[in-house]
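Asks: What follows is a single structure, and I will ask about it in a moment.
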Amino acid sequence: MDKRGAGLARALAAAVAVTLASAAGATPLTYTPVNPNFGGNPLNGNYLLSSAQAQNKHEPSSPDLGASDLGQQTPLDRFNQTLEQSMLSRISAAATSQLFDNSGNLIPGTVNTQDFSIVVADAGSGLLTITTTDKTTGQTTSFQVSSSTFGQ
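So in the working numbering, the last spot in the sequence shown is 148, and the numbers never skip.
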């Protein structure tokens, strides 16, 4: 073997040795989650949230959504809203009390208030149809209930 062949053999042996040495130092790949919700580092939370908010291009479809306004209402607004709901509930209870007998059974008939007309009609087969009409707009809503639902 001449000098040239011996140098080539040594270079080849060195390349094989380096390859084997680097393979011996490699470690297996392991997955480490980034998101703290899935086991990642909790310190990543603020970064991920700010990145998501920066990318969020969603606009609310309606600025007058009831639930989203709740945080922007003043205590007076919330009180007035609660008072209004309470009054409507009492008026509704007073109107519907005329629809029931002493046993709690619905009585077919009509109850009129200033703005609404409530008709309870026997639909047969143990069903009652309740129709509410808004006198100012003429709009109506109806639903059916079993007559055995009440008073048992």
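Glycine included, every Cβ here is placed at the ideal spot set by N, Cα and C.
Pick helix, strand or coil for residue 23, following the three-state DSSP scheme.
Replies: In the structure shown, residue 23 sits in coil (DSSP, three-state: anything other than H, G, I, E or B).
Asks: Counting Cβ pairs, one atom from each stretch, are 3 or more of them under 8 angstroms apart for the stretch 77 to 86 and the stretch 97 to 104?
Replies: Too few Cβ pairs lie closer than 8 angstroms, so no.
Asks: Helix, strand or coil: which one does DSSP assign to residue 82?
Replies: Helix at residue 82.
Asks: Let me check one thing: in DSSP terms, what residues is residue 120 bridge-paired to?
Replies: For residue 120, which the question treats as bridged, DSSP gives the partners 123.
Asks: Would you list the one or two residues that DSSP bridges to residue 152?
Replies: Residue 152 falls outside the range modelled here, since the chain spans only -3 to 148, and no answer is possible.
Asks: Are there 16 or more other CB atoms within 10 angstroms of the CB of residue 148, so buried, or fewer, so exposed?
Replies: With a pLDDT of 48 at residue 148, under the threshold of 50, the predicted position of this residue should be treated as unreliable, though the coordinate-derived value follows. Exposed, by the Cβ-count rule.
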